[in-house]
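Colleague: Mind looking over this structure? Questions follow.
Protein chains: 2
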Amino acid sequence: MFELAELGHTLEKEIYKKRVPELRTQLLEVQNKLAESNFPVLILISGVDGGGKGEIINLLNEWMDPRGIQTHAFDVPSEDERKRPPYWRYWMGLPATGQIGIFVGSWYSNPISQFINKKIDSADLDSQLLHVNNIERELVDDGMLIIKCWIHMSKEHQKKKLKSYKKDPGKKWRVTKKDIKHLKLYDKFSNIAERVIRQTSTGHSPWLIVDGSDIKYSSVTVGEHILDRINTYIKHSKLKPFSKEKTENNNSIKKEMSLLGSLDLSKQYSKKEYNNKLENFQGKLNLLAREARLKGISSTLVLEGWDAGGKGGAIRRITHALDARQYRVIPVAAPTDEEKAHHYLWRFWRHVPKAGQITIYDRSWYGRVLVERVEGFATKDEWLRAYTEINDFEEELSDAGVLVLKYWLHIDKEEQERRFKEREQISYKKHKITEEDYRNRKMWNQYEDAVDDMVTRTSTEYAPWNLIEANDKRFARIKVLKSYCDALEKKLG
Amino acid sequence: MFELAELGHTLEKEIYKKRVPELRTQLLEVQNKLAESNFPVLILISGVDGGGKGEIINLLNEWMDPRGIQTHAFDVPSEDERKRPPYWRYWMGLPATGQIGIFVGSWYSNPISQFINKKIDSADLDSQLLHVNNIERELVDDGMLIIKCWIHMSKEHQKKKLKSYKKDPGKKWRVTKKDIKHLKLYDKFSNIAERVIRQTSTGHSPWLIVDGSDIKYSSVTVGEHILDRINTYIKHSKLKPFSKEKTENNNSIKKEMSLLGSLDLSKQYSKKEYNNKLENFQGKLNLLAREARLKGISSTLVLEGWDAGGKGGAIRRITHALDARQYRVIPVAAPTDEEKAHHYLWRFWRHVPKAGQITIYDRSWYGRVLVERVEGFATKDEWLRAYTEINDFEEELSDAGVLVLKYWLHIDKEEQERRFKEREQISYKKHKITEEDYRNRKMWNQYEDAVDDMVTRTSTEYAPWNLIEANDKRFARIKVLKSYCDALEKKLG
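Chain order of the listed sequences is A and B.
In our numbering, each number is its position in the first sequence, counted from 1, plus 98.
In our numbering, each number is its position in the second sequence, counted from 1, plus 98.
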C-alpha cells in the first residue's frame, strides 16, 4: 500500500516557489466560497510520527485565512474528557458550517496505539474501526466534507532524517525521545496502518496517502488535494442541491393496532397510595443516586410525550429527591446559532454529563423523528437516518457506562383537551397553552405514527423506551420514579 | 445581624396557598419581560447547610419557565477546573441576556469554607472578598442584575429539624452525615457568615437575609424579592436608558511626546543575523515550552499592533517551534450570538488555557479600548472601566500561574502604506487589505492616543506590555521570540 509513497517524491525548489503563491490564492478563494456555503470541512492528518505532519499543518495554517480554520491536536485525554464518552472531545472540536477544522490525533490514534500496545485484540480493533466508519458516515450524511491525509515516510528515510537533525545544532531540538521510540515501532505501526487505511477508506471519505519525505512535495500535495476536494464538493452540491423532499402528510386513518393504543390508560393511584409511594421511591432514589455518584455512574433521562402529558411534573418528582449539585434539567428550546451551525446531535453532545452526574431532558434529540418529521422540517432522508444516528449516540453513552432511559408519557386525546382547558383557567399555566398546541392536536394521528416508528426503531437493550400510562398524573409519576429506581438498582448490582 | 431571621417566621398554609398562584403568574410575567430586555439576572442562594436552600431552589424552578432559568450548583472543582483560574467555572456558568441563572455554592463558598478550615487567614479572606466585590461590580457595570439571598436558620431550629426528619421514615433520607457535621460547625460558620455578608453587601448587590425555618415563608419571601428586584430594575432602566455617550473624536494634533514615538524604528537585522537568531531562539523556546508543559505552566500571549504590523508573521515564528498539541492561536473575529449575550470578557474566559497550554491571541480583549473606543462602539464609561476589568482579568490569570505577555507591534505610517501597497500586489495577500484598513489609517492619531492610554493603564508587573519596533519584520520577530523565551526562563526559575 505504501510502495508509491516510498519512492521519495520531491518538488524542486523553483517549482515550489512558483506553485505556492498560486496555491495560497486558490485556497483563500475556496475558503471564501466555503464561508458562504452551508457545510463544514474536516481535515484529518494522520501518519507516522516524524513524517512531517506538524510542518504540513503549520504551512496550511500559514497559507489559509486563520479566521476560517482551526486546528485541534488531541493528546492524552484529560480527567474531564475521560469522565465522558471517548468521542465527546471530538464532537466538541467539530468545525461549524463554513469553517475548516484540522484534527491531529483524531479517532484514528487510539485504536492504532491500543492495538500496537496490545491493549486490544484484532476483533476490538475491527469494532472500533466500524465505529469510526459510522461516525464519519453520520457527519458526511449531515453535509460535512471529510478529507483524510495519511503522511507516510519510509523507515530508511526517517532514520536518515533523524540522523541529519541530530547533527545540526540548529535542528537538534526537533528530535525527541518519542521520535526515537516510535522509529523502533516502525514496522508494527506500518502493518497496522495499512489495515486501518484499508478498512476506513470509504467512498465518501477516502484516504490520500502522501509521501512525506520532502516537505515541499508533501505540503503542496496536501494543499492541492484539499483545494480539489472542496472545489469538487461545492460544484457537486450546486448540481445536486441537498434534496429537501418533504414528508408526505398522509392524513392516514388511525391504525388498527398501535403501541400507544395498547396501553391501559385507566390505571391510577389514590392520593394516599400516591403519597406513600412517592415518599418511598424518592427516599430510595436519593440513596441510589448517591451510590451512583460515588461509583461514577451517570444517568441520561429523556422525557417525551404528548403536550400536557405531564413531563414537567414527572421530572420534578425526580429532582426533588436529588442533590442540586448532581443533576441538570435541560429543557430543549430553539438552538443558538453556534448550535445551528453543527450536526443536530452536537448540542446534545455538549451537555453529556460527567461520570456520576444526572442529565434530564425535557424533550430531546427525538424531536428529529417527531416534530421535525411531522412538520416536514427534516427531509425524509434526514429523519429516516436519524434512527441509526440516535441509536449510535445512545450506544456510545451506554458503552461509556451511562444509564440511558427514555419515557413516553401517553395520554389520550380527551385527557389532553381536558388539561388544555384546565390550564387556560390557571393564570400561571396559561402561558403553557399556545395556538401551536391546538395545531399539534390536529396532527395527532401523524404523531401517533411517528411515535410508533420511533419506539420500534430506537428501543434498544441499552436504551429502552418506557411507555407510561399518564392519564392519571399520580400513576405516571410513580411509574417513572419506580422505573428509574429499578434501573439504577440493577445497574449498581 | 441574624436576630430578625431567628424569630421563626412562618406563613400560614391558607395564605401560602392563595399567594403562590399569584406569585407564579407574576414571576412568569416578569420572565417574559426579561426575555425581551437586554440584561441577565444572576441569583446567588447561600446560607447555612440544612437551611432549606435546596427546597427553595426546587420551588423557584417549579414556579418559573424552565426555558429561561438555569441552576448551577458548584461542587468541589474537577481536575479540568482546577487547571484553570478559580473563577473560570463561574464565568462559564453566567446567564446570557434575558436569562436567569441561579448559583448554589458560588464564589462565596470557597472563602468561607477555607477560612473555617483554617486554610486561609483573616487577611486572605479580606482579599478574597475584595475580589468578589470586584467581579460583582464588573458584572453589574455590564448590566447584570445580581440578587443575593442568604437563607438563615437558628441553631435550635436546625437541631429540631434534623431530629424530626430522622424520626420520620419517609424523610430520614434527607439527613446526611454532612448535615450533622455542619451542625457542629454552626457557630463558627455563623460568625464568619456575618462578616462576609457585611463586607459584600454593596449598594448594587445587597444581601437579603431570609429566615429559613418555614419553607412556605422562605420560598415566598425569596420569590417576592426576586420579582421586586427584576421589576424595579426594568422600570429603572426604562427611566434611565443605558447612557450611550459616544467618545468625542477630537481630531487632536499629534502629541509632542508619545510612548510609541519614542521607539527607534530603525532597528534591524540582516538576513544572516536573523536566520541564526531564529534557529537559536526557536530551539530554545521548544525546550522551554516542553519544560513549562511538564510543570503545568501556561502562557497567554497577546499580539496587538497596527494593521500590517506583522502580527501573523510573529505568531508563526513562535508556533513553528511548538508542538501542535500544546498551543492554540485564536484570531479574534466577530462574536457569535452566544458571545454577544455575555460580558465582553466572557468569550476570552471561554478559551482560558489549561495548565501547561499556550494560547496566542491575534488581537484580543484590548479591542475594547482600541477599536471600540476609537470607533465609538463602546461608550466612554465602558472603555474607561475596561482598563480595570482587563487588569483584574489578567491578574486572575497570573495568580493562577499563567504567564501573561502582551506585544504591541509598532510601525510608522509610511511603513504601513508601503506594506499595504505591497500586499495589494500579492494575490494571496490582497484579501488582507480592505477599505477598512484605509479608513483606520485616517484615525492614526486617535489610535495612537488610545495605545498610549492602554499601555499606561494596563502595563502591570504581572502582565507587562512589550513595545516592539516592527518596521523591520526580522527585528520584530526575533524580539518577540526572545522576550517570550526570557519570560519563560524567568518563570521556570
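Beta carbons: idealized from backbone N, C-alpha and C, even for Gly.
For my contact list, residue 108 (chain B) and residue 315 (chain B) are in at a C-beta cut-off of 8 Å; report their separation, rounded to the angstrom.
Modeller: 5 Å
Colleague: Using a Cβ-Cβ cut-off of less than 9 Å, list which residues of the region 138-165 of chain B approach chain A; keep chain order.
Modeller: 151, 152, 153, 155, 156, 159, 160, 161, 163, 164, 165
Colleague: Helix, strand or coil: which one does DSSP assign to residue 406 (chain B)?
Modeller: coil
Colleague: Can you tell me whether residue 254 (chain B) is buried or exposed? The criterion is at least 16 other CB atoms within 10 Å of its CB, across all chains shown.
Modeller: With fewer than 16 other Cβ atoms within 10 Å, it is exposed.
Colleague: What residues in the region 463-481 of chain B have a beta carbon less than 7 Å from any beta carbon of chain C?
Modeller: The chain inventory of the structure shown lacks chain C, comprising the protein chains A and B.
Colleague: Helix, strand or coil: how does DSSP classify residue 465 (chain A) here?
Modeller: Reduced to three states, the DSSP call for residue 465 (chain A) is helix.
Colleague: What is the DSSP secondary structure of residue 263 (chain A), reduced to helix, strand or coil?
Modeller: helix
Colleague: Within the chosen definition, does the region 371-384 of chain A reach the region 257-270 of chain B through at least 3 CB pairs nearer than 8 Å?
Modeller: yes
Colleague: Using the Cα positions of residue 435 (chain B) and residue 325 (chain A), report the straight-line distance between them to the nearest angstrom.
Modeller: When rounded, the separation of the alpha-carbon atoms in residue 435 (chain B) and residue 325 (chain A) is 30 Å.
Colleague: Starting from residue 229 (chain B), trace the alpha helix (DSSP H) in both directions and tell me its first and last residue.
Modeller: Residue 229 (chain B) -> alpha helix (DSSP H) spans 220-239.
Colleague: Look at the alpha carbon of residue 310 (chain B) and the alpha carbon of residue 185 (chain B), and state the distance between them as a whole number of angstroms.
Modeller: Approximately 29 Å between the Cα atoms of the pair.
Colleague: Write down the C-beta distance between residue 259 (chain A) and residue 148 (chain A) rounded to the nearest angstrom, noting that I regard them as a contact closer than 8 Å.
Modeller: 7 Å
Colleague: Tell me, please, which residues DSSP counts as bridged to residue 145 (chain A).
Modeller: A:249
Colleague: Which class does residue 455 (chain A) belong to by DSSP, given the choice of helix, strand or coil?
Modeller: DSSP, reduced to helix, strand and coil, places residue 455 (chain A) outside both helices and strands of the structure shown, so it counts as coil.
Colleague: Measure the alpha-carbon distance for residue 561 (chain B) versus residue 501 (chain B) and round it to whole angstroms.
Modeller: 8 Å
Colleague: Grab me the residues of residue 146 (chain B)'s own chain with a C-beta within less than 8 Å of its C-beta, minus the 5 sequence neighbours each way, in chain order.
Modeller: Excluding sequence neighbours, residue 146 (chain B) sits near 249, 250, 251, 256, 280, 284, 287, 288, 291, 310.
Colleague: Assign residue 497 (chain B) to one of two classes, buried (16 or more other C-beta atoms within 10 Å of its C-beta) or exposed (fewer than that).
Modeller: exposed
Colleague: Is DSSP giving residue 433 (chain B) helix, strand or coil here?
Modeller: coil
Colleague: Grouping DSSP H, G and I as helix and E and B as strand, with all else coil, what is residue 342 (chain B)?
Modeller: Note that residue 342 (chain B) has pLDDT 47, beneath the 50 cutoff, so the model's placement of it is unreliable and no number is given.
Colleague: Mapping DSSP to helix, strand and coil, what is residue 509 (chain B)?
Modeller: Reduced to three states, the DSSP call for residue 509 (chain B) is coil.
Colleague: Taking 7 Å as the limit between beta carbons, can you name the residues of its chain near residue 542 (chain A), skipping five residues before and five after?
Modeller: If we look at residue 542 (chain A) and ignore the five residues flanking it on each side, its Cβ neighbours are 511.
Colleague: From the DSSP output, in three-state form, read off residue 154 (chain A) for me.
Modeller: Looking at residue 154 (chain A) - three-state DSSP - the assignment turns out to be helix.
Colleague: From A:140, A:306, A:178, pick the residue whose C-alpha is nearest to that of residue 103 (chain A); which is it?
Modeller: A:306
Colleague: For chain B, find out if any of its Cβ atoms is closer than 8 Å to the Cβ of residue 418 (chain A); answer yes or no.
Modeller: yes
Colleague: So, under 8 Å CB-CB, residue 213 (chain B) and residue 223 (chain B) are touching, yes? Tell me the CB distance rounded to an integer number of Å.
Modeller: Indeed, because the Cβ distance is near 5 Å, the residues count as touching under 8 Å.
Colleague: Cutting at 6 Å between CB atoms, please list the residues of its own chain near residue 397 (chain A), excluding the five before and the five after it.
Modeller: 456, 501
Colleague: Please decide whether residue 532 (chain B) counts as near chain A, where near means a Cβ-Cβ distance under 8 Å.
Modeller: no
Colleague: List the residues of chain B whose Cβ lies closer than 7 Å to the Cβ of residue 123 (chain A), in chain order.
Modeller: 525, 526
Colleague: Starting from residue 573 (chain A), trace the alpha helix (DSSP H) both ways and give me its first and last residue.
Modeller: 571-590
Colleague: Decide if residue 433 (chain B) is buried, meaning its Cβ has at least 16 other Cβ atoms within 10 Å, or exposed.
Modeller: exposed
Colleague: Taking only beta-carbon atoms, is residue 202 (chain B) less than 8 Å away from chain A?
Modeller: yes
Colleague: If the cut is a Cβ gap below 8 Å, which residues of chain B does residue 414 (chain A) touch?
Modeller: 156, 159, 160
Colleague: Beta-carbon separation of residue 177 (chain B) and residue 173 (chain A) under 8 Å?
Modeller: no
Colleague: Suppose the cutoff is 8 Å on Cβ atoms and the five residues either side in sequence are ignored; what does the same chain contact list for residue 393 (chain A) look like?
Modeller: So the qualifying residues of the chain are 454, 590.
Colleague: Against chain B, does residue 384 (chain A) count as a neighbour if the rule is that its beta carbon must be under 8 Å from one of theirs?
Modeller: yes
Colleague: Using CA atoms only, rank isn't needed, just tell me which of B:422, B:202, B:303 is closest to residue 233 (chain B).
Modeller: Nearest neighbour of residue 233 (chain B) by Cα position, chosen from B:422, B:202, B:303, turns out to be B:303.
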